[in-house]
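In this note's numbering, the protein residues as written are -13 to 258.
Here a beta-carbon is modelled for each residue, glycine too, at the ideal position from N, C-alpha and C.
The structure appears right after this line, and notes come after that.
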């Protein structure tokens, strides 16, 4: 029996694992529950990284290749003895990863470098020089930082929260965060089609979707469903300055790296 493919890609690390563990990881990646399979257009975002540093809530630190299961907020680490360690968000304080293995079906998965933004850079900050230019192709060895926050899972009418992983995009004290997911998008020939008979669908493709959040100094999570509107509502006293700053520097509230610069600038205007 051949080892199964893991989310369309069998990495070198996966080839070294026993077949039973490969099968378990494949099951986690693809989902075998009938209810999950029946929901068309939903796919789990599973990412493999060649290196990681994981800080546990116990104070211990783990290092090594890791698999991140986004929809379940768990980390999977294969141990030298062939066992599999599963780390849920409740046991993880924060972690940094690099060397992502890309699923060829998702394209390049363009990823911006947020090192400058995490360090507090924004256009016009006198403490920093010019930021690094955006490269034509992604560098998968860039470090990505994730932190654990308690979250209501998008249910604004519930007081129940549970630990979840968020990627850190900016500095604080109000920190821009991101959660990525996969969405199925339809390809068609336009709204009117040929001869005015309506557009025709030519299939679907899978794309990554960004959802933005803001972490407050107290650790609360604010969803930025409409990034511009919701961010200006948080920084109500600085709203006009933020809009002017974005216009002057041609920054978009929907582009992750540019939104991170806007948040850093907003933080600089607030006197704690």
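Local Cβ density within 10 Å of residue i, reported as buried at 16 or more and exposed below that
i           : result
residue 76  : exposed
residue 107 : buried
residue 213 : buried
residue 170 : exposed
residue 245 : buried
residue 255 : exposed
residue 43  : exposed
residue 251 : buried
residue 134 : buried
residue 102 : buried
residue 161 : buried
residue 53  : buried
residue 59  : buried
residue 144 : exposed
residue 66  : exposed
residue 152 : buried
residue 132 : buried
residue 230 : exposed
residue 51  : buried
Per-residue DSSP class, three states only, for residue i
i           : result
residue 223 : helix
residue 107 : coil
residue 247 : helix
residue 234 : helix
residue 194 : strand
residue 76  : helix
residue 84  : strand
residue 254 : helix
residue 242 : helix
Through-space distance from residue j to residue i, alpha-carbon basis
i           : j           : result
residue 240 : residue 248 : 11 Å
residue 192 : residue 172 : 9 Å
residue 73  : residue 79  : 11 Å
residue 99  : residue 226 : 28 Å
residue 35  : residue 167 : 17 Å
residue 222 : residue 228 : 10 Å
residue 11  : residue 203 : Residue placement at residue 11 is poorly supported in this model, since its pLDDT is 47, which falls under 50; the coordinates are not used for a value here.
residue 253 : residue 158 : 7 Å
residue 84  : residue 49  : 12 Å
residue 238 : residue 232 : 7 Å
residue 257 : residue 148 : 31 Å
residue 88  : residue 30  : 14 Å
residue 189 : residue 32  : 23 Å
residue 150 : residue 207 : 11 Å
residue 39  : residue 56  : 17 Å
residue 141 : residue 209 : 10 Å
residue 105 : residue 156 : 7 Å
residue 235 : residue 71  : 46 Å
residue 47  : residue 61  : 14 Å
residue 41  : residue 68  : 22 Å
residue 137 : residue 205 : 10 Å
Test: residue i CB closer than 7 Å to a CB of chain D
i           : result
residue 132 : Judged by its chain identifiers, the structure shown contains no chain D, having just a single protein chain.
Per DSSP, the bridge partner or partners of residue i
i           : result
residue 265 : The question about residue 265 has no answer here: the residues shown for the chain are numbered -13 through 258.
residue 35  : 52, 86
residue 167 : 195
residue 313 : Because the chain is modelled from -13 through 258, residue 313 falls outside the range shown and cannot be assessed.
residue 161 : 201
residue 209 : 199
residue 144 : Residue 144 pairs with nothing; no bridge assigned.
residue 113 : None, per the DSSP bridge assignment.
Nearest-angstrom beta carbon gap, residue j and residue i [assumed within contact, 8 Å]
i           : j           : result
residue 243 : residue 197 : Not confirmed; about 16 Å, so no contact.
residue 218 : residue 200 : Not really, about 12 Å apart at Cβ, beyond 8 Å.
residue 130 : residue 82  : 7 Å
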